[in-house]
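Following: one structure in structure tokens, then a few remarks.
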Amino acid sequence: MNPEIFHSVLLDEGKCKGCTHCIRRCPTEAIRVKRGKARIDEDRCIDCGECIRTCPNHAKYGQTDSLERLKEYPYTIALPAPAFYAQFKGNMSIGKILSGLLELGFHEVFEVARGAEILAEEVEKHLRRRDISRPVISSACPAVVRLIEVQFPSLIEHLLPLDSPMAVSAKIARIGAMQRGFRPEEIGVFFITPCPAKVMEVRRSGGEIERVNGAISVSSIYPRLISIIDSLPETTEFQLASWKGIGWARSGGEQESLGEGEYMAVDGIHHVISVFEKIEMGELKNVTYCEAQACVGGCIGGVFAVQNPFIAKVNVNYLLKKYCNYRPLDTEKAREWKRDAVFRRENLYEARDVMKLDTDYRKAIEKYQMIEKFLEKLPALDCGACGSPTCRALAEDVVRGKAQEIDCPFLLREKLLEISKDIFDLASRVPQAMSEEGGTKKGEGQ
Numbered sequence: 002m003n004p005e006i007f008h009s010v011l012l013d014e015g016k017c018k019g020c021t022h023c024i025r026r027c028p029t030e031a032i033r034v035k036r037g038k039a040r041i042d043e044d045r046c047i048d049c050g051e052c053i054r055t056c057p058n059h060a061k062y063g064q065t066d067s068l069e070r071l072k073e074y075p076y077t078i079a080l081p082a083p084a085f086y087a088q089f090k091g092n093m094s095i096g097k098i099l100s101g102l103l104e105l106g107f108h109e110v111f112e113v114a115r116g117a118e119i120l121a122e123e124v125e126k127h128l129r130r131r132d133i134s135r136p137v138i139s140s141a142c143p144a145v146v147r148l149i150e151v152q153f154p155s156l157i158e159h160l161l162p163l164d165s166p167m168a169v170s171a172k173i174a175r176i177g178a179m180q181r182g183f184r185p186e187e188i189g190v191f192f193i194t195p196c197p198a199k200v201m202e203v204r205r206s207g208g209e210i211e212r213v214n215g216a217i218s219v220s221s222i223y224p225r226l227i228s229i230i231d232s233l234p235e236t237t238e239f240q241l242a243s244w245k246g247i248g249w250a251r252s253g254g255e256q257e258s259l260g261e262g263e264y265m266a267v268d269g270i271h272h273v274i275s276v277f278e279k280i281e282m283g284e285l286k287n288v289t290y291c292e293a294q295a296c297v298g299g300c301i302g303g304v305f306a307v308q309n310p311f312i313a314k315v316n317v318n319y320l321l322k323k324y325c326n327y328r329p330l331d332t333e334k335a336r337e338w339k340r341d342a343v344f345r346r347e348n349l350y351e352a353r354d355v356m357k358l359d360t361d362y363r364k365a366i367e368k369y370q371m372i373e374k375f376l377e378k379l380p381a382l383d384c385g386a387c388g389s390p391t392c393r394a395l396a397e398d399v400v401r402g403k404a405q406e407i408d409c410p411f412l413l414r415e416k417l418l419e420i421s422k423d424i425f426d427l428a429s430r431v432p433q434a435m436s437e438e439g440g441t442k443k444g445e446g447q
């Protein structure tokens, strides 16, 4: 594994049957099947979780932290994602959910939904600027951010230069704990995540103020919490978020928190890709802001969620009506957060260039021509039997030296037919000494 890249999505080779389901769904063509086992290209993987969702053998899984890690810190803070609330019935109070997290061992809870509300006001200010590249693309989904870095580097200038709600929440919570006397190394901040992409984002955070120490999956927290939540008293002590932040749990909630404007929302990584292709072609310049989320339905559709996403959406909509009163931000506090760089993104966006055929322009053109020429030989069926997702992907793999032409079963069959014909022709030949033409004719020399 590349030490510079952390991926939450991992492969259990023992369970992999080489069925090729995953290579068909991977949005960045990061998976190949070689020698009967899937292989994940770390440079192309964006941790969207599509392969986890698709694999019938459960050979793909997401690596997360456990509650045991809370023991490493004297003071721990839980950052529940807005999608976490959607796992519970709509009539379940958020106060109960948050107090339940304290029962599980956390010392404090800071709602990422509240962080989203705080961030939304900064996003609104940014969108009023005249020097922005339209449409501005949301930075809330780390899988989408990495998709742009890997596959659409020309759109990096469109990415919102502000941090995600998770990171903003972590910074505010840390600052508060430090003001109460805790040293940075004593504070453990843990995000409760609905998806593996957030785990990747957590591992990339590293500054003293912005650090998130771990990510615990919704699916591991939920069963523990549901077993005790009925015995907990009703409380409103810990809940600050309203509809404005809770709505970020599902697609469209982010743009709704920004009020009126030329905004759009797209969810599902394959739909996101089609929209980004349109942006690259300059077709959406009339759109000011693009909310893009890798999971269908938004974060409620994450692979670590336990609730059916359609039921989760019903739960969210119920909460939006229940918690309709937004609490305005303290102006002085907002100034402090800006002064402390709470909204500034620490990890700058970086083009990965993993899709380039070659760094040398001329060689890249030559390789492109080789791919097009080889494609003419292929059947254009995209069957996946070669271990690559499409015929074009195989052609690219061959040109890159990662595959052979005969990996295609159709080309292999043609090659075998050619070889068998040569063998048949050779087998039909007899030694020259035994043939009538090549041998000594009867009666010669007598």
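Numbers in my numbering are just positions in the sequence shown, counted from 1, shifted up by 1. Virtual Cβ for every residue (Gly too), placed ideally from N, Cα, C.
Skipping 5 residues on each side, what residues in its chain have a beta carbon closer than 7 Å to that of residue i?
i	result
Glu235	Ser94, Gly96, Lys97
Gly388	Arg33, Val34, Lys35, Asp408
Ser134	Glu158, His159
Thr441	Residue confidence for Thr441 is low, a pLDDT of 49 falling below 50, so the modelled location carries little weight; the figure read from the coordinates is stated next. Closer than 7 Å at the Cβ level, and outside the excluded window around Thr441, lies no residue.
Glu187	Tyr74, Pro75, Tyr76
Glu123	Leu163, Phe344
Taking the straight line between their C-alpha atoms, what separation do you get for residue i and residue j?
i	j	result
Trp244	Thr391	43 Å
Asn3	Glu43	Here Asn3 scores only 47 on pLDDT, less than 50, and its place in the model is too uncertain to base an answer on.
Tyr319	Ile274	31 Å
His59	Gln180	45 Å
Gln370	Lys378	13 Å
Thr237	Glu281	46 Å
Gly91	Glu104	21 Å
Leu376	Gln405	13 Å
Glu112	Gly19	41 Å
Pro154	Val400	23 Å
Leu161	Glu415	52 Å
Ser100	Leu233	8 Å
Ala198	Cys142	8 Å
Gly446	Ala428	Model confidence at Gly446 stands at a pLDDT of 48, short of 50, so the residue's coordinates are unreliable and nothing is read from them.
Tyr350	Arg45	16 Å
Pro432	Pro380	41 Å
Gly254	Arg363	46 Å
Pro224	Leu80	18 Å
Gly215	Ile119	22 Å
Glu284	Ala313	33 Å
Phe277	Ser140	14 Å
With distances taken between CB atoms, is the gap from residue i to residue j smaller than 7 Å?
i	j	result
Ala352	Asp359	no
Ala386	Glu30	no
Val219	Phe305	yes
Ala242	Ser252	no
Cys27	Cys56	no
Asp48	Met201	yes
Tyr290	Leu156	no
Leu259	Ala117	no
Pro136	Val288	yes
Ala144	Val213	no
Ala321	Gly402	Reading the sequence as shown, one finds Leu at residue 321 and not Ala. Cβ distance not < 7 Å, so Leu321 and Gly402 don't count as in contact.
Ile217	Phe191	yes
Phe7	Arg204	yes
Ala396	Ile424	no
On the DSSP letters alone, give me the boundaries of the beta strand (DSSP E) that residue i sits inside.
i	result
Cys291	290-294
Val190	188-194
Met265	264-268
Tyr62	61-63
Lys72	No beta strand (DSSP E) holds Lys72; DSSP gives it neither H nor E.
Kindly list the residues whose CB is nearer than 6 Å to the CB of residue i, restricted to its own chain and excluding five residues on each side of it in sequence; keep chain order.
i	result
Ala250	Pro83, Ala84, Ala87, Cys300, Ile301, Val317
Arg115	Leu241, Ala242, Gly246
Ile222	Ile193
Cys17	Lys38, Ala39, Ala60
From which residue to which residue does the alpha helix (DSSP H) around residue i run?
i	result
Met179	166-180
Ser429	Neither: Ser429 is in no alpha helix (DSSP H) and is coded neither H nor E.
Ser221	219-227
Thr332	332-340
Lys364	362-376
Met93	Run containing Met93: none; DSSP gives neither H nor E here.
Ala84	83-86
Val10	Premise fails: Val10 lies in the beta strand (DSSP E), 10-12, not in any alpha helix (DSSP H).
Within the same chain, show all residues whose beta-carbon is closer than 8 Å to that of residue i, passing over the 5 residues directly before and after it, in chain order.
i	result
Leu71	Thr77, Gly106, Phe107, Gly189, Phe191
Ile230	Phe89, Met93, Lys97, Ile98, Gly101
Ala174	Ile78, Leu80, Glu109, Phe111, Val190
Glu125	Leu259, Gly260
(message) For the structure I just gave you, are there three or more beta carbon pairs, one from the stretch 260-279 and one from the stretch 141-149, closer than 8 Å?
(response) yes
(request) Could you tell me whether the stretch 97-108 touches the stretch 71-79, using the rule of 3 or more Cβ pairs below 8 Å? (result) yes
(request) Determine, using beta-carbon pairs with one atom in the stretch 8-16 and one in the stretch 63-70, whether at least three such pairs fall under 8 Å. (result) yes
(request) Give a yes or no on contact between the stretch 289-297 and the stretch 165-174, applying the rule of three or more CB pairs nearer than 8 Å. (result) No, the stretch 289-297 does not touch the stretch 165-174.
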